[in-house]
Amino acid sequence: MKRYIQLEYLKVSHFTATEWQHPVHNHNHFELIFIHQGSGIHTISGMNYSYTGPCLFLLAPCDAHHFEITTATTFTFIKFTNVYLQGSGQLRFQQSWNQELDKLLLQAREQRMFATATSRMEALVKLITTEWKEAQEENNDTIFFLLQALFTMIKKAGKSELPQTGVASGARVTAILHHIHEHIHHTDEVQIEQLADIFGYSKHYLGAFFKEQTGSTLREYVNQYKLHLLENRLHYSAFSLKEISHELGFNDQSHLNKFFRKYHGISPSVYREQVQAS
2 MKRYIQLEYL KVSHFTATEW QHPVHNHNHF ELIFIHQGSG IHTISGMNYS YTGPCLFLLA
62 PCDAHHFEIT TATTFTFIKF TNVYLQGSGQ LRFQQSWNQE LDKLLLQARE QRMFATATSR
122 MEALVKLITT EWKEAQEENN DTIFFLLQAL FTMIKKAGKS ELPQTGVASG ARVTAILHHI
182 HEHIHHTDEV QIEQLADIFG YSKHYLGAFF KEQTGSTLRE YVNQYKLHLL ENRLHYSAFS
242 LKEISHELGF NDQSHLNKFF RKYHGISPSV YREQVQAS
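Residue numbers (this note's numbering): 2 to 279.
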């Protein structure tokens, strides 16, 4: 029998099923799906993934998915949005949460399934479920930090499951990309001068090397990644444009507007109205 704990911005459900009852569907939130036991096929945005528990799936907003269950499967679904903790009055927590989800969104685009889900991940998932049952509280610091601990384990699992490359240049560009993703909220940390100093290259060599390895200039890669995060904020968060501009390292709201118009031809406020109305 399904047991749901439903709150405004986070929902946890734990159940066992022998047949999937839902048609292909998508959401406007993230989903962590922990499979404790069972087997079958999980189809995500047209791609099929064979699963055998224990394993974990990470879905980004707008991913369409459904399951074909082969043997009885025990699930825990943890569904959440960027606006979890919004209104708690703890801006530091809200910004930290958003930045964790930025990394999670990037990882969800690169890797959907984690086949080496550990017993520690499962223990955290069970703690989160138990805490929601007992607390029934939206702004729960314990849940917040349990989820962050789970995110940390997922990130480590993602790194361990990536195929190892023996090509030194591939390892170097991966390190540069990782630094950009980790420090995108601090503009000074992703300037070519700073990156050249950190990685021991001249500016000119770093620029040529990055373009050769990725097909994009370093500046354009940083801008496109920041644009992606900005679009995500406008679509899924309740932060004001002033808060977003500060968090993503823009000089001010005018700078954010100019940056956004360069790529979309409209203001971020108009874009937000359009995507939220669709």
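Every residue gets a Cβ at the ideal spot worked out from N, C-alpha and C, and that includes glycine. The structure displayed is predicted, hence computed values, not measured ones.
Output the distance between the C-alpha atoms of residue i and residue j, rounded to the nearest integer angstrom.
i, j, result
"L249", "E194", "19 Å"
"Q192", "T72", "51 Å"
"F240", "R234", "7 Å"
"S14", "K127", "11 Å"
"A18", "E190", "48 Å"
"A116", "W21", "21 Å"
"Y264", "E221", "11 Å"
"Y272", "R262", "10 Å"
"F260", "R121", "42 Å"
"C56", "Y226", "29 Å"
"I177", "S217", "13 Å"
"F211", "M48", "30 Å"
"Y52", "Q254", "45 Å"
"L11", "V276", "21 Å"
"H187", "F58", "30 Å"
"H179", "Q100", "14 Å"
"H23", "D142", "32 Å"
"G266", "H182", "26 Å"
"K204", "Q214", "15 Å"
"I70", "D64", "19 Å"
"P269", "L228", "11 Å"
"Q245", "N252", "According to the sequence displayed, residue 245 carries Ile and not Gln. Those two C-alpha atoms are separated by around 11 Å."
"E274", "H30", "18 Å"
"Y50", "S40", "11 Å"
"L147", "K134", "15 Å"
"A172", "L151", "26 Å"
"A136", "A209", "54 Å"
"H247", "E232", "15 Å"
"L196", "E132", "42 Å"
Closest to residue i by CA distance: which of the options is it?
i, options, result
"E32", "A65, G201, L105 and I79", "I79"
"K243", "I185, L57, Q225 and L257", "L257"
"L125", "L11, I155, F115 and K104", "I155"
"I34", "Y226, T75 and H182", "T75"
"H184", "E123, T215, L230 and L148", "L230"
"Q149", "I199, L178, K104 and H179", "K104"
"H67", "L59, H180, Y52 and H43", "H43"
"T153", "V174, T119 and E132", "T119"
"H282", "E123, M114 and L60", "It is not possible to answer for residue 282, since the shown part of the chain is limited to 2 through 279."
"A61", "Q275, M114, G39 and E69", "M114"
"G54", "A65, T77 and C63", "T77"
"S279", "Y237, N252 and S268", "Y237"
"V1", "F81, E232 and L219", "Look at the range of the chain in this structure, 2 to 279, and you will see that residue 1 is not part of it."
Can you tell me whether DSSP reads residue i as helix, strand or coil?
i, result
"G208", "helix"
"V13", "strand"
"Q38", "strand"
"H43", "strand"
"N49", "strand"
"T130", "helix"
"K104", "helix"
"A18", "strand"
"T153", "helix"
Under a Cβ-count criterion, where at least 16 other Cβ atoms within 10 Å of its own Cβ denotes burial, should residue i be classed as buried or exposed?
i, result
"V25", "exposed"
"S46", "exposed"
"G201", "exposed"
"F145", "buried"
"V223", "buried"
"Y206", "exposed"
"D198", "exposed"
"A158", "buried"
"T130", "buried"
"F81", "buried"
"F16", "exposed"
At a cut-off of 7 Å, would you count residue i as near the ligand MN, judging by its Cβ distance to the nearest heavy atom?
i, result
"L230", "No copy of the ligand MN appears in this structure; indeed no ligand is present at all."
Subject >> alpha helix (DSSP H) runs contained entirely in the stretch 198-274, provided each spans 4 or more residues >> reply: 204-215, 219-237, 242-248 and 254-265
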